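**Q** What follows is a structure written as structure tokens; I'll ask about it next.
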Amino acid sequence: MGPGDSELAGLWICPRCGARLVSRNLWHSCGLYSLEQLLSHSDSQVLRLGRACVAMLESLGDVQVLPQKTRLVCVARVRFAGLQPRKHDLLLSFALRRWLDSPRIVKTESYGPRWFAHSVRIGSLDDVDEELRGWLQESHDTVGLQRDS
Ligand SMILES: [Zn+2]
């Protein structure tokens, strides 16, 4: 059994869409939506940005990227990042165990003492850069894998 297996222990895997959920009765969109549908009300260039974000999220580790009706969520053991479409750009959000201090952070929210959500505006492919990857990797490794809880 590899580390990937133990990280998924105790989760319920939806037999229809493969979504990882912490309990059987949790609502989820069950594979109904695609990235194209999610971004269908945005400018056409936003889809390119969305694909770049998804590629970066998928490079972080064993993650699931799940488009839903109004947003996209990214799950490792638990949800740690997401995308919110807008008309001309995207908001990419991710949770850390600490607050970041950067002019790129356009919105923050805390959910409890150990879940600090940050949002970054993705308006061009230049925004999907190595600094962002570093933040997302930290988010994946801490919040997403629950490794430090
Ligand atoms: Zn499902």
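Residue numbers for the sequence shown follow the numbering used here, so the first one is -8 and each next one is one higher.
Ideal placement from N, C-alpha and C gives every residue a C-beta, glycine not left out.
From a predicted model like this one, the values you see are computed outputs, not experimental measurements.
So the alpha helix (DSSP H) residue 130 belongs to, where does it begin and stop?
**A** For the purposes of this step, residue 130 is taken as the residue at position 139 of the sequence shown. Taken as a continuous stretch (DSSP letters only), the alpha helix (DSSP H) holding residue 130 covers 121 to 130.
**Q** So which residues touch the region around ligand 2, with touch meaning a C-beta under 5 Å from any heavy atom?
**A** Summarising the ligand content, the structure contains ligand 1 and does not contain ligand 2.
**Q** Could you check what DSSP says for residue 21 in three-state terms: helix, strand or coil?
**A** In the sequence shown, counting from the first residue as 1, residue 21 sits at position 30. DSSP places residue 21 in coil when its eight states are reduced to three.
**Q** Here's a check: name, in chain order, each residue in its chain whose Cβ is nearer than 8 Å to the Cβ of residue 38, leaving out the five neighbours to either side.
**A** The residue you call residue 38 lines up with position 47 of the sequence shown. So the list reads 26, 27, 30, once near-sequence residues are dropped.
**Q** Would you mind working out which of 50, 82, 53, 95 sits nearest residue 63, comparing C-alpha positions?
**A** The residue labelled residue 63 in the question sits at position 72 within the sequence shown. It is 82 whose Cα lies nearest to the Cα of residue 63.
**Q** Just to confirm my understanding: we take residue -8, look at its own chain, exclude 5 residues before and 5 after, and list those with CB closer than 6 Å. What are they?
**A** Taking the sequence shown and counting its residues from 1, the one referred to as residue -8 is at position 1. With a pLDDT of only 38 at residue -8, under the threshold of 50, the placement of this residue in the model should not be trusted; the figure read from the coordinates follows. So the list is empty, once near-sequence residues are dropped.
**Q** Using a Cβ-Cβ cut-off of 8 Å (strictly less than) and excluding sequence neighbours within five positions of residue 54, which residues of its own chain qualify?
**A** Counting from 1 along the sequence shown, the entry for residue 54 is found at position 63. Excluding positions up to five away in sequence, the list reads 48, 65, 66, 67, 131, 135.
**Q** What is the DSSP secondary structure of residue 41, reduced to helix, strand or coil?
**A** Here residue 41 refers to the residue found at position 50 of the sequence shown. Helix, per DSSP.
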